[in-house]
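Remarks on the structure that follows.
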Amino acid sequence: MALAVISTTLFGCVGCQAGIEYLQKYVKNSLNLITFSSFIFTATYGLIFHSKFFTVPNRIPIRSYAKIVAIFFTVNMANNLALKFAIYFPLFIIFKSGTLLTNMTMGWIIRSYRYNLKQVIAVIVVTAGIVIFTLASYEPGASNIRSGIDSNSWMIPVPPFIVGIGLLSFSLILSAYLGLYQETFYQKHGKHNEEMMFYVHFLSIPAFALVGDEMMPAFHAANDTPSFVVAGIDTVIPSAWIYIFAICLFQFGCTKGVYMLSAVTTSLNVTMALTLRKFFSLLISFFRQLKNPEYCQ
Numbered sequence: 001m002a003l004a005v006i007s008t009t010l011f012g013c014v015g016c017q018a019g020i021e022y023l024q025k026y027v028k029n030s031l032n033l034i035t036f037s038s039f040i041f042t043a044t045y046g047l048i049f050h051s052k053f054f055t056v057p058n059r060i061p062i063r064s065y066a067k068i069v070a071i072f073f074t075v076n077m078a079n080n081l082a083l084k085f086a087i088y089f090p091l092f093i094i095f096k097s098g099t100l101l102t103n104m105t106m107g108w109i110i111r112s113y114r115y116n117l118k119q120v121i122a123v124i125v126v127t128a129g130i131v132i133f134t135l136a137s138y139e140p141g142a143s144n145i146r147s148g149i150d151s152n153s154w155m156i157p158v159p160p161f162i163v164g165i166g167l168l169s170f171s172l173i174l175s176a177y178l179g180l181y182q183e184t185f186y187q188k189h190g191k192h193n194e195e196m197m198f199y200v201h202f203l204s205i206p207a208f209a210l211v212g213d214e215m216m217p218a219f220h221a222a223n224d225t226p227s228f229v230v231a232g233i234d235t236v237i238p239s240a241w242i243y244i245f246a247i248c249l250f251q252f253g254c255t256k257g258v259y260m261l262s263a264v265t266t267s268l269n270v271t272m273a274l275t276l277r278k279f280f281s282l283l284i285s286f287f288r289q290l291k292n293p294e295y296c297q
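Each residue of the sequence shown is one higher than the one before, starting from 1 at the first, in UniProt numbering.
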C-alpha cells in the first residue's frame, strides 16, 4: 500500500513539474494560472466524488480548516513569486529540498522529536548540497530571462536573486510548519484526508482574486496558442489548455498521494518522499537544459 502511494505521488509530482516547465516556454508567467487551474480541478473532483455537492456531512468543522488554508495558499504563492526573482527551476527544485532540514529542526523544537544519527547525517548532507548549489547558481549582475524583473526599473538595493531566496526560505519554514501542524490536526480530528484535500483547495479558490490581474495575461496567452491536433484532427481547443489539463491531472495525483502519506506517516517521512521526486524533477530539468542551453540564462 505504502509503495503504491509513494509511486503515485512521485509519478504525479514529476509529471506535473515537467509539464509546468514545458508550458512556461509558450505561456510566460503562467504559474499562478496553473496553480489556480489545479485548485479548481481538485476542488471540482472533491465536490463531485467526496462531498457529493455538499450532501455528505463534514467530519471536521469547516472553520478548523482556516489556518491550513491560509498557510497552504501562502506557500503556493510564495513559491510562484520566487520564480520571478532570478530563480530558475533547477535551483528552485534543489533549494526546496531544504524542507528536510527545516522539518527536522521544527519537529525537534515544536514537537520535541528525536532523530537517530543516520537521519541527521543524511539530512545534513542533502542540505549541504543545496547550499553549495545555491551559492554556485548566484552570478551577480547576470540577467535572467525568466525572472520577470526589469533590471532597469529595479530600485531596491538588494539583488532580485536574494529576494527570491528569501521568498523560498519563507516558504520552506511555512511548509515545514504546515506538515507538523497537519500531524496535530489529524490527531485531534481524525484522518479524513479526502475531506481535507477537498476543503483546503475549495476554500482557497476565492484568495486567487488577489492575483487575478496577473493571471489575465497568461489566460489570454493560453487562448492564443495554436489549437491542439490529435491524429490529424483539429480539436479547436488551444493547445495550452490541453497541457494545463494534463498538468492538473498529474498535480491531482501528486496532491492526493501527499495527503494519503501525511495521514499514515510522519511529516519527515512525507518530506523524504517528496525530496526523492525533486531529484527526478531535477534530472528532467537538467536534460531539458542540455537541449535548450538558453533556458536558464
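Every residue gets a Cβ at the ideal spot worked out from N, C-alpha and C, and that includes glycine.
Report task. Count the other CB atoms, across all protein chains shown, that sit within 10 Å of the CB of S7; report buried if there are 16 or more and exposed otherwise. Result -> By 1-based counting over the sequence shown, the position of residue 7 is 7. Label assigned to S7: exposed.
Query raised in the report: Which residue's Cα is closest to the Cα of N223: G15, A240, A43, T235?
Result: As a working mapping, residue 223 is identified with position 223 in the sequence shown. Comparing Cα-Cα distances from N223 to each of G15, A240, A43, T235, the minimum goes to A240.
Query raised in the report: What's the call for K25, buried or exposed, on a 16-neighbour Cβ count within 10 Å?
Result: Position 25 of the sequence shown, counting from 1, holds the residue named residue 25. Under the 10 Å beta carbon count, K25 is surrounded by fewer than 16 other beta carbons and is classified as exposed.
Query - Reduced DSSP category for T266 - H, G, I as helix; E, B as strand; rest coil - result: Numbered from its first residue, the sequence shown carries residue 266 at position 266. Residue state, collapsed to three classes: coil.
Report task. Taking all protein chains shown into account, decide if T35 is buried (16 or more other Cβ within 10 angstroms of its Cβ) or exposed. Result -> For the purposes of this step, residue 35 is taken as the residue at position 35 of the sequence shown. Of the other Cβ atoms in all chains shown, 16 or more fall within 10 Å of the Cβ of T35; this residue is therefore buried.
Requested in this report: Would you tell me roughly how many angstroms separate the C-alpha atoms of G107 and N76, rounded to the nearest one?
Outcome: In the sequence shown, counting from the first residue as 1, residue 107 sits at position 107. In the sequence shown, counting from the first residue as 1, residue 76 sits at position 76. Rounded to the nearest angstrom, the two C-alpha atoms are 22 Å apart.
Report task. Assign Q182 to buried or exposed, taking buried as 16 or more other Cβ atoms, counted over all protein chains shown, within 10 Å of its Cβ. Result -> Working through the sequence shown from its first residue, we reach residue 182 at position 182. In the assembly as shown, Q182 is a buried residue. Its beta-carbon has 16 or more other beta-carbons within 10 Å.
Query - S204 versus H189: straight-line alpha-carbon distance, rounded - result: The residue given as residue 204 occupies position 204 in the sequence shown. The residue given as residue 189 occupies position 189 in the sequence shown. Straight-line Cα distance between these residues: approximately 20 Å.
Requested in this report: Have a look at T74 and V270 and give me their C-alpha separation to the nearest angstrom.
Outcome: Within the sequence shown, the letter at position 74 stands for residue 74. Within the sequence shown, the letter at position 270 stands for residue 270. Taking the straight line from one Cα to the other gives about 20 Å.
Query raised in the report: My guess is that K191 and A273 are in contact by the Cβ rule of under 8 Å, so how many angstroms apart are they, rounded?
Result: Indexing the sequence shown from 1 puts residue 191 at position 191. Indexing the sequence shown from 1 puts residue 273 at position 273. So it is not a contact: roughly 17 Å between Cβ atoms.
Query raised in the report: Taking C-beta to C-beta, are T235 and F228 nearer than 7 Å?
Result: Mapped onto the sequence shown, residue 235 falls at position 235. Mapped onto the sequence shown, residue 228 falls at position 228. At the C-beta level, T235 and F228 come within 7 Å of one another.
Report task. Within the region 174–257, note down every full beta strand (DSSP E) run reaching 3 residues or more, in order along the chain. Result -> Within the region 174–257, the complete beta strand (DSSP E) runs of at least 3 residues fall at 227–230, 233–238.
Report task. Let me know if K118 comes out buried or exposed under the rule of 16 or more other beta-carbons within 10 Å of its beta-carbon. Result -> Here residue 118 corresponds to residue number 118 of the sequence shown, with the count starting at 1. With fewer than 16 other Cβ atoms within 10 Å, it is exposed.
**Report entry** R114, DSSP secondary structure in three states
**Finding:** Here the question's residue 114 lines up with position 114 in the sequence shown. Assigned with DSSP and collapsed to three states, R114 falls in coil, not helix or strand.
Report task. Quick one: residues in its chain with C-beta nearer than 6 Å to the C-beta of M197, no 5 flanking neighbours on either side, listed in chain order? Result -> Along the sequence shown, one-based indexing puts residue 197 at 197. The residues are Y259.
Query raised in the report: What is the DSSP secondary structure of Y88, counted as helix, strand or coil?
Result: Position 88 of the sequence shown holds residue 88. Assigned with DSSP and collapsed to three states, Y88 falls in coil, not helix or strand.
**Report entry** Straight-line Cα distance separating P160 from residue 304
**Finding:** One cannot answer for residue 304 here, as it falls past the ends of the chain, which runs 1 to 297.
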